[in-house]
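Residue numbers (the numbering used here), protein chains in the order written: chain A, 66 to 313; chain B, 3 to 408.
We put the beta carbon where it would ideally sit given N, CA and C, even for glycine.
Computed from a predicted model, the values in this text were never measured in an experiment.
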C-alpha cells in the first residue's frame, strides 16, 4: 500500500475576480521509506503540493489518500489529529517557538498529543542527541545557529515517530555546507529509521543526494524519476551541477 | 500544561506590555475595592446611627395606618396603656427581642423666655432608651430620676443659648387640641450628626411627652433585636401572632423608616455600579488590546502549532490562559494596592465632612476579604472571556496563511 496516493489533485487560488491555478491534476504515489524531492522553480507548485499532502491546506479538487485513509471529508479536528500522529514538518524558516528551549520545542508535538511530561522529555532528549544537539537542550532558538535550529526542527519532526516527514525548502536559509549536512542527516534518518521524507527544493547542490525527484512546472508534474536525475536543463539553465549523476 | 507554559513565557517576553495591562487591572481592582470598603463603612455607620443613635430600633410596631396618617391624626392611632401592656407581654414571648420601648412623638415650640423656635421630639422611657444607646458610641443619656430632664440638639441649644443645666419651656397641642406648656431641664446637648435635624430635635422622657400631649398611651412600640436576628424574618413571624392576638398593626423595619439611609444607599450603589462598569470596560479593552497585539505578533507561531497538530480549541486555551493570568496577577496587584491604601488611610487619620453632616468624620475604609475575592474572580473571568475574542481569531487563521505570515 502506498503511503501517499493522490488523484487528479487541483488547487486554485482566487485573486479578486481572477482564478489562478497552482496545481493541475496531480496524480502521485509515494511508497513508505522513500526519500523524495519535489523539484522546480519558484511558483511551480512545490509548496502548495506539500501543504496539501501535509494536510495543512485543502485541495480545490481531487483526492489524497494517506496511509490508506481518504482525507477528503475529514473534519479540521481529524486532520489536526492525523498531522500530529503521522506527519512531521520541517519548515524553511525553522518555525521554532521562540519562548521555548530546544528541548521544549522538540517536546511540543508530544505535549500537544497529551503525552506525559516525563516521557516527552525523555523522547525529546533522545531525538536531540540523535541530531547531535545533546548539549544544547536548554538553549533558546535565538541562541542557536541556523543549522542547529534546523536540526532542532528535524528532531521535532521525528519525535512522534511519524510515517512521513514533510520539509519545505529545508536548506533555503542555510549556507551550502550546513544545507548539505542537514540533507545528509535527513538521509541518514531515512535509512536508519525508514521514515519517508518528502521535501521541496530548487537547490542544485542537493541533486546527488536524492533518491527520487518529481519535477514540477506551472503546477503540473513534468517528470518523475526514481534513482535517476531528470533533465533539468530547462529548469536550471545557469546551474553548473544539473547534468551530474544523481545516484542516491 | 503547554498552554500555561506558552502563556507564562509570552507574558514574560512582552513584560512591559503585560505590566501596563496588569497595572490597568490592578488600579481598577483597587478603585472598586476602596469604594466598596468606603460605602460598606458608611452603610454600617448609617445603620448604627439609625437603629441606635436615632433610636429607630430594628422594628417599629404601630396601628395600621399610623405611618401614613399618624402625624395628621395622632389621637386615632394612639396605643392605650392596656394595649401597651398586652403588646409588651406578647413581644416578650420571643427571645429574639431584646428591648421593647413605647414611643411618642410631638412637635411644637420651645422657648428660652425670649426666643421661641420649633421642635420635634421623641418621648421614650429613659432606662430603655439608654439601653438602646449603649449599643452605639453615643455619650448622651436620659436620667430616669429626672422626669423633666431632656436632651437638646446642638444647633437648637446654640440658637436658644442654653447648655447643660439650662431651662426651657416646651409648648404643644394636646391630643384634644388644647395648648399645653411644660418646663424642661436641659440634661445634655448632643449633636445629631445631621444638619437637617440638629437645629430642632429634643429627646424627652416618655412621661414628660405624655404629660405635654395629655395622654397615657404611646403612638408606637420600638423593638431592638438580639445580635444576628434578621429584622425581616422576625417581622414575618410577628405579624400573624399580632393578628391572632386581635391587634390590627403594621410593622416597619428600620430601613423602611430611614429615608436618609435609603437615599444614601441608592446613590452609592449607583456610583458603585458606574465605577464597576468603567473598570469592566477598562479591563475588557486592555486585555483585548494586549492579546490582539500578541496574536498579530505570533501568527507564524500559531500556524506552526496548528501544523504540529494543535486543535483550534487548544489555541484558544493558550490565549485564554494568558488573559486569565493577566486577570489574576492584576487582581493580586490590586489587592496589595488596596490593602496598602487602606492602611495608609487608617494611619493617616484623615477626616472629611460628608454631605448633610454637621461634623467632620474620620475617613475609614472597611477591609472586605469577600469583596476582594469576588472582584478577583469577576475580573479574572472578564479577562479570560475578553481574551477569547482575539484567541478565536487566532484559532481561525488558515494554517498556510499563518505560516506564510511575515
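Contact check, residue i vs residue j, beta carbons under 8 Å
i, j, result
"residue 159 of chain A", "residue 233 of chain A", "no"
"residue 389 of chain B", "residue 293 of chain B", "yes"
"residue 166 of chain A", "residue 4 of chain B", "no"
"residue 335 of chain B", "residue 6 of chain B", "no"
"residue 248 of chain A", "residue 236 of chain A", "yes"
"residue 211 of chain B", "residue 144 of chain B", "no"
"residue 239 of chain A", "residue 215 of chain A", "yes"
"residue 370 of chain B", "residue 38 of chain B", "yes"
"residue 285 of chain B", "residue 30 of chain B", "yes"
"residue 191 of chain B", "residue 154 of chain B", "yes"
"residue 386 of chain B", "residue 326 of chain B", "yes"
"residue 238 of chain B", "residue 26 of chain B", "no"
"residue 220 of chain B", "residue 106 of chain B", "yes"
"residue 62 of chain B", "residue 245 of chain B", "no"
"residue 304 of chain B", "residue 379 of chain B", "no"
"residue 121 of chain B", "residue 208 of chain B", "no"
"residue 317 of chain B", "residue 233 of chain B", "no"
Sequence-distant residues of its chain with Cβ nearer than 6 Å to residue i (five each side left out)
i, result
"residue 18 of chain B", "none"
"residue 110 of chain A", "87, 88, 281, 284"
"residue 10 of chain B", "none"
"residue 113 of chain A", "76, 87, 88"
"residue 151 of chain B", "145, 187, 189"
"residue 215 of chain B", "108, 176, 177"
"residue 304 of chain A", "Low per-residue confidence applies at residue 304 of chain A: pLDDT is 36, beneath 50, and the placement is therefore not dependable, though the value from the model is reported in the following sentence. Contacts found: 269."
"residue 126 of chain A", "75"
"residue 128 of chain A", "72, 137"
"residue 401 of chain B", "305, 308, 309"
Residue from the options whose Cα sits closest to the Cα of residue i
i, options, result
"residue 75 of chain B", "B:108, B:54, B:96, B:317", "B:108"
"residue 112 of chain B", "B:129, B:16, B:175", "B:175"
"residue 396 of chain B", "B:57, B:321, B:232, B:223", "B:321"
"residue 117 of chain B", "B:93, B:128, B:158", "B:158"
"residue 263 of chain A", "A:210, A:153, A:77, A:226", "A:153"
"residue 367 of chain B", "B:317, B:128, B:215, B:340", "B:340"
"residue 259 of chain B", "B:173, B:244, B:48", "B:48"
"residue 276 of chain A", "A:286, A:251, A:287", "A:251"
"residue 180 of chain B", "B:213, B:193, B:199", "B:213"
"residue 247 of chain B", "B:85, B:271, B:234", "B:85"
"residue 488 of chain B", "B:403, B:249, B:300", "For chain B, the structure presents residues 3 to 408; residue 488 of chain B sits outside this window and is missing."
"residue 8 of chain B", "B:207, B:296, B:123, B:136", "B:296"
"residue 222 of chain A", "B:42, B:307, B:348, B:400", "B:307"
"residue 106 of chain A", "A:287, A:267, A:288", "A:267"
"residue 253 of chain B", "B:70, B:374, B:351", "B:70"
"residue 2 of chain B", "B:42, B:169, B:193", "It is not possible to answer for residue 2 of chain B, since the shown part of chain B is limited to 3 through 408."
"residue 125 of chain B", "B:149, B:119, B:78", "B:149"
First and last residue of the uninterrupted beta strand (DSSP E) at residue i
i, result
"residue 121 of chain B", "118-126"
"residue 113 of chain B", "99-113"
"residue 208 of chain A", "Here residue 208 of chain A belongs to no beta strand (DSSP E), and DSSP marks it neither H nor E."
"residue 71 of chain B", "Unbroken run through residue 71 of chain B is the alpha helix (DSSP H), 68-71; no beta strand (DSSP E)."
"residue 237 of chain B", "That residue, residue 237 of chain B, is in no beta strand (DSSP E); its alpha helix (DSSP H) goes 233-246."
"residue 190 of chain B", "181-192"
First through last residue of the alpha helix (DSSP H) which encompasses residue i
i, result
"residue 74 of chain A", "Taken as a continuous stretch (DSSP letters only), residue 74 of chain A belongs to no alpha helix (DSSP H), being part of the beta strand (DSSP E) at 69-80."
"residue 1 of chain B", "Only positions 3 to 408 of chain B appear in this structure, which leaves residue 1 of chain B out of reach."
"residue 311 of chain B", "Run containing residue 311 of chain B: none; DSSP gives neither H nor E here."
"residue 244 of chain A", "241-258"
"residue 176 of chain A", "167-178"
"residue 28 of chain B", "17-50"
"residue 294 of chain B", "261-299"
"residue 156 of chain B", "156-162"
Close-in-space but distant-in-sequence residues of the same chain around residue i (CB under 8 Å, 5 per side omitted)
i, result
"residue 271 of chain A", "102, 236, 244, 245, 248"
"residue 98 of chain A", "255, 259, 260, 261"
"residue 203 of chain A", "166, 167, 168"
"residue 1 of chain B", "For chain B, the structure presents residues 3 to 408; residue 1 of chain B sits outside this window and is missing."
Neighbourhood of residue i by C-beta, 7 Å cutoff - its chain only, sequence neighbours within 5 removed
i, result
"residue 132 of chain B", "143, 144"
"residue 309 of chain A", "With a pLDDT of 32 at residue 309 of chain A, under the threshold of 50, the modelled position of this residue cannot be trusted, and the question is left open."
"residue 353 of chain B", "362, 363, 364, 365"
"residue 251 of chain B", "63, 64, 65, 66, 244"
Residue i: CB within 7 Å of a non-hydrogen atom of the ligand NAP
i, result
"residue 160 of chain B", "The ligand NAP is absent from the structure shown, which contains no ligand whatsoever."
- Task: Pull out every residue of the region 287-306 of chain B whose Cβ sits closer than 7 Å to any Cβ of chain A, in chain order.
- Result: 302, 303, 306
- Task: Output, in sequence order along the chain, the residues in the region 306-329 of chain B whose CB is closer than 9 Å to any CB in chain A.
- Result: 306, 307, 308, 309, 310, 311, 312, 313, 314, 315, 316
- Task: With 8 Å as the limit, tell me which residues of the region 116-143 of chain A have their beta carbon closer than that to any beta carbon of chain B; keep them in chain order.
- Result: 116, 119, 121, 122, 141, 142
- Query: Which residues, taken in chain order from the region 171-199 of chain A, show a beta carbon closer than 9 Å to some beta carbon of chain B?
  - Reply: 172, 173, 174, 176, 177, 178, 182
- chain A contacts made by the region 9-33 of chain B, where a contact means CB separation under 7 Å: 11, 12, 15
- Query: the region 155-171 of chain A: which residues have C-beta closer than 9 Å to a C-beta of chain B, in chain order?
  - Reply: 156, 158, 160, 161, 162, 163, 164, 165, 169
- Task: Could you run through the region 392-404 of chain B and flag, in chain order, every residue whose CB is less than 7 Å away from some CB of chain A?
- Result: 401, 402
- What are the residues of the region 218-238 of chain A that lie near chain B, defined by any Cβ-Cβ distance shorter than 7 Å? none
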